[in-house]
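Read in order, the letters of the sequence shown are residues 721 to 955 in the working numbering.
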Amino acid sequence: MVTMHFPGCQVEGAITPSLDCRVTSHVDFAKLYVENHMAKFNAFDEHCDASAMLALLGKVPVFSPAVQCAAGDVRQARNAWAHCVFSDWDPVNYQQRFVEMEKLAKALGLTPAVERDLLGELKDWETKGTILCMNPTVDPDLLKLVQQHVNTLRTDVDQLTFEVQEDRERVSRALNDISTSLDELDARISSVQCELEARMANVQCEQEVIKQEQSSLSNKVDALQTDVENSTRRC
């Protein structure tokens with residue numbers, strides 16, 4: 721345990737004779753490397769700000785220069801998305817950000833199995849994002865999955881701490897717009913599915929009518945052939 725004393729510190733307008741900052745865990749230690757507005761986490765979990773985690777990877781000396789450099793690139797992309805100008809996120813920029821995340825994953829020195837799974841997950845999301853945004857044919861299961869993740873993000877945004885309230889509002893508006901677009905896409909897919917099912921039902925009905933007409937025609941041909949054979953015998 722590390723104890724630090726700060727004589728005469730002013731805390732929220734009050735003068736205190738001393739302030740003990742006890743570092744009793746790896747979480748407490750990590751908070752020493754991030755700015756105050758980032759040091760709100762109590763565990764390294766899904767509620768911990770990604771910017772704080774990337775700051776740790778970029779600043780704590782235990783990490784290699786390769787990790788620090790890669791984390792800096794990913795953090796820059798994360799901050800650009802937090803203050804998002806959507807017109808800047810063209811396909812080239814989108815793919816470059818995944819290259820940077822893959823570079824960070826490889827630099828972390830993970831076990832081969834964990835690295836393989838992480839890279840596979842990144843590639844999976846890169847492919848899904850491209851399909852969802854640029855392909856007119858959308859897999860309904862993929863759409864449902866993205867809707868679930870967007871809803872989770874909306875919940876996480878409400879729980880995360882933002883330095884500027886406008887950032888929270890901007891991200892919330894963007895997620896709401898995305899959620900609305902996904903709902904509209906879901907409605908269109910449902911409409912297309914209903915129309916397709918109706919057409920398939922009509923096709924099946926028409927096929928049944930054709931089968932019946934074909935059977936009737938076959939019977940008529942057989943009867944005609946029998947009449948011809950009988951006429952031939954009489955002659």
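Each residue gets a CB set at the ideal place from its N, CA and C atoms; glycine is no exception.
Extent of the continuous alpha helix (DSSP H) run through residue i
{"i": "P781", "result": "Element bounds for P781: n/a, residue is neither H nor E."}
{"i": "N813", "result": "811–827"}
Closest residue to residue i among the options (Cα-Cα distance)
{"i": "D769", "options": "Q788, R795, N896, R742", "result": "R795"}
{"i": "I869", "options": "V891, S899, S745", "result": "The amino acid at residue 869 is misidentified as Ile; the sequence shows His. Minimum Cα distance to H869 is reached at S899."}
{"i": "E755", "options": "A763, L774, R742, Y814", "result": "L774"}
{"i": "D765", "options": "S938, V747, V782", "result": "V747"}
{"i": "D903", "options": "F761, K760, G840, K864", "result": "K864"}
{"i": "T847", "options": "L862, K751, P781, K760", "result": "L862"}
{"i": "S784", "options": "Q815, A827, Y814, W809", "result": "A827"}
{"i": "A797", "options": "V780, Q815, V866, Q945", "result": "Q815"}
{"i": "Q913", "options": "S807, N896, V929, P860", "result": "P860"}
{"i": "S901", "options": "N871, L916, A921", "result": "N871"}
CA-to-CA distance, residue j to residue i, given in whole angstroms
{"i": "A894", "j": "E926", "result": "47 Å"}
{"i": "A918", "j": "Q924", "result": "10 Å"}
{"i": "D887", "j": "L873", "result": "14 Å"}
{"i": "G849", "j": "V812", "result": "13 Å"}
{"i": "Q788", "j": "E820", "result": "12 Å"}
{"i": "G840", "j": "R817", "result": "15 Å"}
{"i": "K843", "j": "E822", "result": "9 Å"}
{"i": "S911", "j": "L905", "result": "10 Å"}
{"i": "V743", "j": "A763", "result": "14 Å"}
{"i": "R836", "j": "W845", "result": "14 Å"}
{"i": "V877", "j": "V834", "result": "27 Å"}
{"i": "V948", "j": "K940", "result": "12 Å"}
{"i": "A800", "j": "S892", "result": "16 Å"}
{"i": "Y753", "j": "F761", "result": "13 Å"}
{"i": "V780", "j": "F749", "result": "10 Å"}
{"i": "V722", "j": "T875", "result": "Low confidence applies to V722: its pLDDT is 46, below 50, so where it sits in the model is not reliable, and the reading given next is rough at best. Using only the alpha carbons, I get a separation of about 35 Å."}
{"i": "R908", "j": "W809", "result": "26 Å"}
{"i": "A921", "j": "Q934", "result": "20 Å"}
{"i": "E915", "j": "S807", "result": "35 Å"}
Own chain, CB closer than 8 Å to residue i, minus 5 neighbours either side, in chain order
{"i": "L830", "result": "L838"}
{"i": "L824", "result": "L777, V787, A790, A791, D793, V794"}
{"i": "A759", "result": "K751, A772"}
{"i": "H803", "result": "D887, R890"}
is_contact[residue i, chain C] using C-beta, thresh 8 Å
{"i": "A943", "result": "Of the chains in the structure shown, none is chain C; there is only one protein chain."}
Sequence-distant residues of its chain with Cβ nearer than 7 Å to residue i (five each side left out)
{"i": "S938", "result": "none"}
{"i": "T952", "result": "none"}
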